[in-house]
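Q:
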Amino acid sequence: MQLAFIGTGYVGLVSGTCFAESGNRVTCIDIDAEKVKRLRDGIIPIYEPGLTELVLSNIQAERLTFTTDLAEGIAKAELIFIAVGTPQGDDGAADLSALWAVVDGIRRSAQEPKIVVVKSTVPVGTNSKLLARLNEGSKFAHESASNPEFLKEGYAVEDFMKPDRVVVGVRSKLAEQRLKKIHEPFLRTNHPFLVMSPESAEMTKYVANCMLATKISFINEMANLCERMHADINDVRIGIGHDSRIGFQFLFPGVGYGGSCFPKDIRAMIALARQHGVVPRILESVDDVNEDQKSRLFEKIREMAGTDLKGKTVALWGLSFKPRTDDIREAPSLVLIKQLLEAGASVRVHDPKSIQNVKAIFGDKIIYCDKAYGTVEGADVLAIVTEWQEFRNPDFDIIRKLMVGSIVVDGRNLYDPQTMASLGFHYASIGRATVGPA
Ligand code: NAD
Numbered sequence: 005m006q007l008a009f010i011g012t013g014y015v016g017l018v019s020g021t022c023f024a025e026s027g028n029r030v031t032c033i034d035i036d037a038e039k040v041k042r043l044r045d046g047i048i049p050i051y052e053p054g055l056t057e058l059v060l061s062n063i064q065a066e067r068l069t070f071t072t073d074l075a076e077g078i079a080k081a082e083l084i085f086i087a088v089g090t091p092q093g094d095d096g097a098a099d100l101s102a103l104w105a106v107v108d109g110i111r112r113s114a115q116e117p118k119i120v121v122v123k124s125t126v127p128v129g130t131n132s133k134l135l136a137r138l139n140e141g142s143k144f145a146h147e148s149a150s151n152p153e154f155l156k157e158g159y160a161v162e163d164f165m166k167p168d169r170v171v172v173g174v175r176s177k178l179a180e181q182r183l184k185k186i187h188e189p190f191l192r193t194n195h196p197f198l199v200m201s202p203e204s205a206e207m208t209k210y211v212a213n214c215m216l217a218t219k220i221s222f223i224n225e226m227a228n229l230c231e232r233m234h235a236d237i238n239d240v241r242i243g244i245g246h247d248s249r250i251g252f253q254f255l256f257p258g259v260g261y262g263g264s265c266f267p268k269d270i271r272a273m274i275a276l277a278r279q280h281g282v283v284p285r286i287l288e289s290v291d292d293v294n295e296d297q298k299s300r301l302f303e304k305i306r307e308m309a310g311t312d313l314k315g316k317t318v319a320l321w322g323l324s325f326k327p328r329t330d331d332i333r334e335a336p337s338l339v340l341i342k343q344l345l346e347a348g349a350s351v352r353v354h355d356p357k358s359i360q361n362v363k364a365i366f367g368d369k370i371i372y373c374d375k376a377y378g379t380v381e382g383a384d385v386l387a388i389v390t391e392w393q394e395f396r397n398p399d400f401d402i403i404r405k406l407m408v409g410s411i412v413v414d415g416r417n418l419y420d421p422q423t424m425a426s427l428g429f430h431y432a433s434i435g436r437a438t439v440g441p442a
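Residue numbers (this note's numbering): 5 to 442.
1) Determine, using beta-carbon pairs with one atom in the stretch 136-145 and one in the stretch 303-318, whether at least three such pairs fall under 8 Å.
2) If the criterion is Cβ atoms closer than 7 Å, does the pair R2 and L83 meet it?
3) Which of the three DSSP states, helix, strand or coil, is assigned to E414?
4) What is the rounded straight-line gap between the Cα of I371 and the Cα of L313?
5) Which runs of the beta strand (DSSP E) spanning at least 3 residues fall entirely within the stretch 183-259, listed in chain order?
6) Look at the alpha carbon of R436 and the alpha carbon of K369, and state the distance between them as a whole number of angstroms.
7) Can you tell me whether I33 is helix, strand or coil according to DSSP?
8) Fully enclosed by the stretch 321-385, which beta strand (DSSP E) runs are 3 residues long or longer?
9) Along the chain, where does the alpha helix (DSSP H) that runs through F400 open and close?
10) How is S26 classed by DSSP in three states: helix, strand or coil?
11) Using C-beta distances below 8 Å, list every residue in its chain close to P284, excluding the 5 sequence neighbours before and after it, in chain order.
12) Taking a contact to mean a Cβ-Cβ separation below 7 Å, would you say D330 touches N294 in this structure?
13) Relative to the ligand NAD, is the shortest distance from any of its heavy atoms to the C-beta of C32 smaller than 6 Å?
14) Based on the DSSP secondary-structure assignment, which residues constitute the bridge partners of F9?
15) Relative to the ligand NAD, is the shortest distance from any of its heavy atoms to the C-beta of E153 smaller than 6 Å?
16) Could you pull the DSSP bridge partners for T130 from this structure?
17) Could you tell me the boundaries of the alpha helix (DSSP H) in which T56 lies?
18) Mind reading off the beta-carbon distance from D322 to E381? Whole number of angstroms is fine, and I expect it under 8 Å.
19) By the 10 Å Cβ neighbour count, where 16 or more other Cβ atoms means buried, how is G144 classified, buried or exposed?
20) Go ahead and label G141 buried or exposed: buried means 16 or more other beta carbons lie within 10 angstroms of its beta carbon, across all protein chains shown.
21) Does the distance from the CB of V106 to the CB of V88 come in under 7 Å?
22) Taking I78 as part of the beta strand (DSSP E), name the residues at either end of that continuous run.
23) Going by beta-carbon coordinates alone, are Q6 and R29 separated by less than 7 Å?
24) Between the Cα of S19 and the Cα atoms of L58, N194, E231, which residue gives the shortest distance?
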């Protein structure tokens, strides 16, 4: 099938490329001319495991092309997917300006009736507004559908190729059939293709993210309470996880969720609920707990290293909002760096993939290290912010020798407190007892 993807970010590039891999002819369209030029040259603007190889092989097979020209890009498309960003607006609600610009562009450029599929996460009711706007003064009867995306950054290709489920919100059999046909290669192991109304599909995406964010804020709140109660959140987590009604997934305590989706989607849902006269008490608490949680490491550093951090050096391991991505949008690391700088500390950072993105924000205010061990040289404190695999089993003798201090604050509970104490560290983590050298 001929497909067009408008918006070539994490979602548009991954899904467009995966559809090309299964034999479709895909045109990816973006207004960012520099990005399009680089993609044409085979330079992938984001880090996502497995993506580069797929993009290159599909460009070579002439199934995947890139353009900035909307009219040319959609001319032959049997389905046009919109995957532009829907960031948080000033009032907390989703900012749909990029989406509307695209819709107006499609209406102006289309030379035949089109099926426009919204992949971006949009407030409930957007699809029906989009249909009205698409057909306003148009000589064609265009159609719209919803196909929310559930991929996780860091596992985007894998998730797209093997989705737990595909959700589509449609108004016609034709849209349903076309969407089913292109998804069939990815659903061979009986994972469901769920057909519903566009409103229910839009709602499904938000409710999924709200549920996941709620689990994270819930376990973080319980972890903070465990610290006061002299209980260990890890034991508690395992104790509840074996209950099949609860399970283990998404119940790891940490420094709060970040990224391009959860924070903005929770706030968009809060705004949507308020607009419709519903007080979203749980969601507002989820957001509040998460914002507070992003300060936990800073609070722990001040408890252990003293409230005056002037002249102290803090090393950070991990900057991206989670491992296997270079995405730093709403990352807890940014909050910690800001707090440390305001407190007068010197900050040294390392991350396997996202240093360039962080440099674009903090410039020469902090020191960037390309090696994990180099980061801790001369540091009073080591803070673990993102649980990259390479931080899980480091050589603590080297770390102890390179640091001038002995404080490790672990926002991801990577290490065993007793072992850390026996190695001579003052060690704090989330929801577990803080220990000193044995
Ligand atoms: P992104 O910011 O990485 O990419 C958006 C792209 O759209 C950019 O390349 C931008 O240049 C392009 N764009 C903006 N305006 C345009 C226009 N008028 N015409 C053509 N291109 C335009 O965004 P993303 O992370 O891929 O997210 C896209 C949508 O998918 C959002 O609604 C997001 O909430 C949703 N989503 C994201 C994820 C994720 O993990 N990132 C997962 C599921 C859903």
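The C-beta atom is built at its ideal place from N, Cα and C for all residues, glycine as well.
A: Based on what the coordinates show:
1) When C-beta atoms of the stretch 136-145 are compared with those of the stretch 303-318, fewer than three pairs fall below 8 Å, so the two segments do not count as touching.
2) What the structure shows of the chain is the stretch from 5 to 442, and residue 2 is not part of that stretch, so it cannot be assessed.
3) Numbered from its first residue, the sequence shown carries residue 414 at position 410. In the sequence as displayed, the identity of residue 414 is Asp instead of Glu. DSSP places D414 in strand when its eight states are reduced to three.
4) Locating residue 371 in the sequence shown gives position 367, where the first residue counts as 1. Locating residue 313 in the sequence shown gives position 309, where the first residue counts as 1. About 17 Å.
5) With a minimum length of 3 residues, the continuous beta strand (DSSP E) runs that stay inside the stretch 183-259 are 197-200.
6) Here residue 436 is taken as the residue at index 432 of the sequence shown, counted from 1. Here residue 369 is taken as the residue at index 365 of the sequence shown, counted from 1. Roughly 32 Å separates the two Cα atoms.
7) Counting from 1 along the sequence shown, the entry for residue 33 is found at position 29. In the structure shown, I33 sits in a strand (DSSP, three-state: E or B).
8) You should have 350-354.
9) Against the sequence shown, residue 400 aligns to sequence position 396. Element bounds for F400: 400-406.
10) Taking the first residue of the sequence shown as position 1, residue 26 is located at position 22. In the structure shown, S26 falls within a coil segment according to DSSP collapsed to helix, strand and coil.
11) Position 280 of the sequence shown, counting from 1, holds the residue named residue 284. Same-chain partners within the cutoff: M273, I274, A277, R278.
12) Locating residue 330 in the sequence shown gives position 326, counting from the first residue. Locating residue 294 in the sequence shown gives position 290, counting from the first residue. D330 places its beta carbon 7 Å or farther from that of N294.
13) In the sequence shown, counting from the first residue as 1, residue 32 sits at position 28. Checking every heavy atom of the ligand NAD against the Cβ of C32, none is found closer than 6 Å.
14) Residue numbering aside, residue 9 sits at position 5 when the sequence shown is read from its first letter. BP columns for F9 point to C32, F85.
15) As a first step, residue 153 is located in the sequence shown; it is residue number 149 there, counting from the start. The answer is yes for E153.
16) As a first step, residue 130 is located in the sequence shown; it is residue number 126 there, counting from the start. T130 is bridged by DSSP to nothing; it lacks a bridge partner.
17) Locating residue 56 in the sequence shown gives position 52, counting from the first residue. Run containing T56: 55-64, per the alpha helix (DSSP H) assignment.
18) To locate residue 322, count along the sequence shown from 1; it is residue 318. To locate residue 381, count along the sequence shown from 1; it is residue 377. For the record, residue 322 in the displayed sequence is Gly; it is not Asp. The pair is not a contact, with the Cβ atoms about 17 Å apart (cut-off 8 Å).
19) Here residue 144 refers to the residue found at position 140 of the sequence shown. Before going on, a small fix: residue 144 reads as Phe here, not Gly. The C-beta of F144 has fewer than 16 other C-beta atoms within 10 Å across all chains shown, which makes the residue exposed.
20) In the sequence shown, residue 141 corresponds to position 137, counting from 1. G141 is exposed by the Cβ-count criterion.
21) For the purposes of this step, residue 106 is taken as the residue at position 102 of the sequence shown. For the purposes of this step, residue 88 is taken as the residue at position 84 of the sequence shown. Yes, they are a contact pair.
22) Position 74 of the sequence shown, counted from the first residue, corresponds to residue 78. Segment 74-78 is the alpha helix (DSSP H) holding I78; no beta strand (DSSP E) there.
23) Start at 1 with the first residue of the sequence shown, and residue 6 comes out as number 2. Start at 1 with the first residue of the sequence shown, and residue 29 comes out as number 25. Cβ distance < 7 Å, so Q6 and R29 count as in contact.
24) Walking along the sequence shown from the start, residue 19 turns up at place 15. Checked all of L58, N194, E231; the closest Cα to S19 is L58.
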